[in-house]
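A quick write-up on the structure given underneath.
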Amino acid sequence: MAAVKRDNFGSRLTFIFAMAGSAIGLGNIWRFPFMVGEYGGAAFIIIYILCSAILALPVFFCESIIGRRTAKSSYFALESIAPDSKWKYLGLISVITCFIIDSYYSVVGGWSLDYLVRSCSVGLDAPSCEAASSVFGGMASSVWEPILFHTLFIGASALIVIGGVKKGIEKFSKVTMPILLVLIVTIAVYSISLPGAMAGVEYLVKPDWSKVNTETIAYALGQAFFSLSLGVGCVLVYSSFMKKDENILAAGGWTAVFDTMFAIIAGFAVMPAVFSAGLEPGAGPALVFETIPYIFSQIGLKAPVVSRIITILFFLAIFMAALTSAVSLFEVCVEHLVEHRKFSRKKAAAIFFSGCWTLGILCSLSFGVMSDVKLFGDTIFDFCDSLSSNYLMTLGALAYTVFVGWRMKKADVRDEFTNSGSLTANNKIFGVLYFAIKWLAPVFIVIIFLTNLFL
Ligand code: PHE
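This is the structure:
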């Protein structure tokens, strides 16, 4: 059979942009600030950084090594390294996990688009926290509005993926990532300059260790995996488009640095504003959609134009970050069908669009008319979120480390990581990395997973 010609990312920088596009998303701007708020501020940040560096980064390299070595999507990559084994089903689980995440992720992505449109048109004026909360609740629990924005959001990700790796994903992330950085830094500077904001800054830099327990560590690890898009084949598939002479260590290292930096800056964009308004940092998932509109409209009483602009920039940032991440989830699914069935990208995208759209609608309705429908005690949205981020991602990450550490030949892993021994720094750290892949990461992931499950 003639080999299908595959695109490649043009350079290391464009790979990093695309990978950072996948990594930086709702996880950074929406999830990270509220987790920091709920789980003890600076102490959570320190544990999160340690989890990222010691446990998440080795998983990142595992996926990267498999993807770049085989230049195939998850299912076929595993099959080609371990032929006639069951490992290929890990690739299939990755595709299914991406499908589930993309479905509920697009609902939240749709909310951010909705809030962006509102802030550009009628505004998001909220005289009190309760008012902001009822606007958000009213929007999320209605039928048509969130479905409309969910449709637009998922349609946009499908169109970018149809464009292909070079003309779609690379081009899009090259433009959005720098803009995103400027946006979030601008908002953080503004937030820190508000009266009373220093209490928020202090909260982010002074650790309160009394709040740390095993749950904190489990959540920090889960957040590190979610934020770096690990355990679901995204890094594997993007790395399969990486050129052979690229440096896996540098590409992965920079992606992790950008992702972590971005999450922390997002914390500085949100927390000082929260403290400045005298609000509780532990508002949970509603933090960004309820608290932020209230805070900015309070500021709007004195400086309406500035507050309007900052609100627009804030939701624009969330929307763009969410879109580049949704694109990577979509790409894993599409690439699988393209390789498996030899479908065109368009046809594969149409199939996944319909699937994610349908499941997404059920997730969206679970905030309103279907809120009584429960799966294992959770609404459909919460079930999809918890199934994928608490179980499938963690177990997927574990399986990828076991595959590289125990199933692949050490010589092949070394060969791929060091570009056949030609990269000095990679050669030097290989021993430590291999230990982390074979022992450290799997053992810790199992301990943390089980502790979380039984406590
Ligand atoms: N990393 C993305 C975020 O932080 C979410 C994501 C998870 C994307 C898994 C791809 C795969 O929002």
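Reading the sequence shown from the start, the letters are residues 162 to 616 in the numbering used here.
Each residue gets a CB set at the ideal place from its N, CA and C atoms; glycine is no exception.
Leu174 and Cys223 have their C-alpha atoms some 20 Å from each other. By a beta-carbon distance limit of 8 Å, Val268 does not contact Cys494. Their separation comes to about 17 Å. Counting only runs of 3+ residues, no beta strand (DSSP E) is found wholly inside the stretch 198-240. Residue pairing of Leu556 in beta bridges, as defined by DSSP: absent, with no partner found.
Listed in chain order, the non-local C-beta contacts of Phe176 below 6 Å within the same chain comprise Phe170, Met403 and Ala412, local neighbours out to five positions each way being set aside. For the stretch 379-427, the continuous alpha helix (DSSP H) assignments of 4+ residues that do not extend past its boundaries occur at 395-400, in sequence order. Ala360 is the residue among Ala360, Ala424, Lys367 and Ala483 whose C-alpha sits nearest the C-alpha of Leu440. By the criterion of a C-beta distance shorter than 7 Å, Gly284 is surrounded in its chain by Arg469, once the five residues flanking it on both sides are discounted.
Secondary structure of Leu309 (DSSP, three-state): helix. Selection around ligand 1 by beta-carbon proximity, strictly under 6 Å to any non-hydrogen atom, yields Ser183, Ala184, Gly186, Leu187, Gly188, Asn189, Ile262, Phe387, Ser388, Ser390, Val393, Cys395, Ser486, Ser489 and Leu490 in chain order. Excluding residues up to 5 positions away in sequence, Ala379 lie with their Cβ nearer than 6 Å to the Cβ of Asn613 in the same chain. Non-local C-beta neighbours of Leu410 in its own chain, meaning closer than 6 Å and more than five positions away in sequence, comprise Asn587, ordered along the chain. By the C-beta density criterion, Cys517 is buried, having at least 16 other C-beta atoms within 10 angstroms. Cys212 is classed as buried because its beta carbon has at least 16 other beta carbons within 10 Å across all chains shown.
For Asp275, the secondary structure class from DSSP, reduced to helix, strand or coil, is helix. For the pair Ser234 and Glu500, the CB atoms are nearer than the 7 Å cut-off.
Within the same chain, and ignoring the five residues on either side of Met300 in sequence, the residues whose Cβ sits closer than 8 Å to its Cβ are Trp272, Asp275, Glu306 and Pro307. Taking C-beta separations shorter than 6 Å and ignoring five residues to either side along the sequence, the partners of Ala483 in its chain run Gly186, Leu187, Gly270 and Ser273, following chain order. Beta-bridge pairing by DSSP links Asp576 to no other residue. Under the three-pair Cβ rule at 8 Å, the stretch 427-434 counts as touching the stretch 354-374.
Between Ser400 and Arg575, the C-beta gap is not smaller than 7 Å, which leaves the two residues out of contact. With the rule of 3 Cβ pairs closer than 8 Å, the stretch 248-262 counts as touching the stretch 512-527. Within the DSSP bridge table, the entry for Leu536 names Asp539 as partners. DSSP places Lys247 in the coil class of the three-state scheme, outside both helix and strand. Judged by their CB atoms, Ser183 and Ser318 are not nearer to each other than the 7 Å cut-off.
Taken atom to atom, the span from the alpha-carbon of Glu492 to that of Ile460 is near 40 Å. In the displayed model, Phe610 falls within a helix according to three-state DSSP. The DSSP-derived three-state label of Asp546 is helix. DSSP places Thr347 inside the alpha helix (DSSP H), whose first and last residues are Lys332 to Ile353. By the 16-neighbour rule on beta-carbons within 10 angstroms, Thr585 is exposed. Distance from Gly329 to Ile340 at the Cβ level is roughly 17 Å; contact not present, criterion being Cβ atoms closer than 8 Å.
When secondary structure is reduced to three states using DSSP, Met531 falls in the coil class, being assigned neither helix nor strand.
Sequence-distant partners of Pro219 (beyond 5 residues in either direction) whose C-beta falls short of 8 Å from its own C-beta, in its chain, are Thr562, Leu594, Ala597, Ile598, Leu601 and Ala602. By a beta-carbon distance limit of 8 Å, Gly357 contacts Ser437. Their separation comes to about 4 Å.
If you draw a straight line from the Cα of Ala293 to the Cα of Gly445, it comes to about 14 Å.
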